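In our numbering, the protein residues as written are 3 to 164.
In what follows, a structure is listed as structure tokens, so that the remarks can point back to it.
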């Protein structure tokens, strides 16, 4: 019996050293996830075999510990910084699809952050507020997020200063 064209192959977890350029990036993204999404398992790289019959190369994705991944496969990265950027973007896709929330979020504006390059390093960038005096800014270098996002609660009573 032939497999159905809709059957997806089972992913396998990538082990350290298989894709040396990608080895460090999941750990950096895990630091950001640990700081902003406490309790989540660290991201892992998973690999699927090529989808076409003549395609031998595997495709790697960023996944949760249970193997769930979402989005495009990791593309080419010519450097460790490029690999970190690609893995951060892929992790962001997987987190947003699995948890149905923006990740990471700017603690100042409550907006989802995007990966950009700042001073040659992948960084999390915020588009800023809607006022001219609230400009776009870099929140942190990728792998260096340190603050849990706490949304504003507009109906919360404020404490009076004594």
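Glycine included, every Cβ here is placed at the ideal spot set by N, Cα and C.
It should be emphasised that the depicted structure is a prediction, and the values quoted were computed from it without experimental measurement.
In DSSP terms, what residue i is bridged to
{"i": "residue 123", "result": "120"}
{"i": "residue 114", "result": "107"}
{"i": "residue 14", "result": "49"}
Pair within 8 Å by beta-carbon distance, residue i and residue j
{"i": "residue 88", "j": "residue 47", "result": "no"}
{"i": "residue 83", "j": "residue 122", "result": "yes"}
{"i": "residue 61", "j": "residue 49", "result": "yes"}
{"i": "residue 137", "j": "residue 130", "result": "yes"}
{"i": "residue 32", "j": "residue 44", "result": "yes"}
{"i": "residue 116", "j": "residue 102", "result": "no"}
{"i": "residue 120", "j": "residue 107", "result": "no"}
{"i": "residue 40", "j": "residue 64", "result": "no"}
Buried versus exposed, by CB contacts within 10 Å (16 or more), residue i
{"i": "residue 94", "result": "buried"}
{"i": "residue 142", "result": "buried"}
{"i": "residue 74", "result": "exposed"}
{"i": "residue 91", "result": "buried"}
{"i": "residue 147", "result": "buried"}
{"i": "residue 34", "result": "buried"}
{"i": "residue 212", "result": "With the chain covering only 3 through 164, there is no way to say anything about residue 212."}
{"i": "residue 69", "result": "exposed"}
{"i": "residue 71", "result": "buried"}
{"i": "residue 85", "result": "buried"}
{"i": "residue 144", "result": "buried"}
{"i": "residue 11", "result": "exposed"}
{"i": "residue 13", "result": "buried"}
{"i": "residue 1", "result": "The requested residue 1 does not occur in the structure, where the chain is confined to residues 3 to 164."}
Endpoints, the beta strand (DSSP E) within which residue i is located
{"i": "residue 140", "result": "139-143"}
Proximity test, residue i beta-carbon vs the ligand NAP heavy atom, cut-off 7 Å
{"i": "residue 15", "result": "This structure lacks the ligand NAP; in fact it carries no ligand of any kind."}
Length-filtered (4 minimum) alpha helix (DSSP H) runs lying within the segment 28-101: Entirely contained in the segment 28-101, the alpha helix (DSSP H) runs reaching 4 residues are, in chain order, 82-101.
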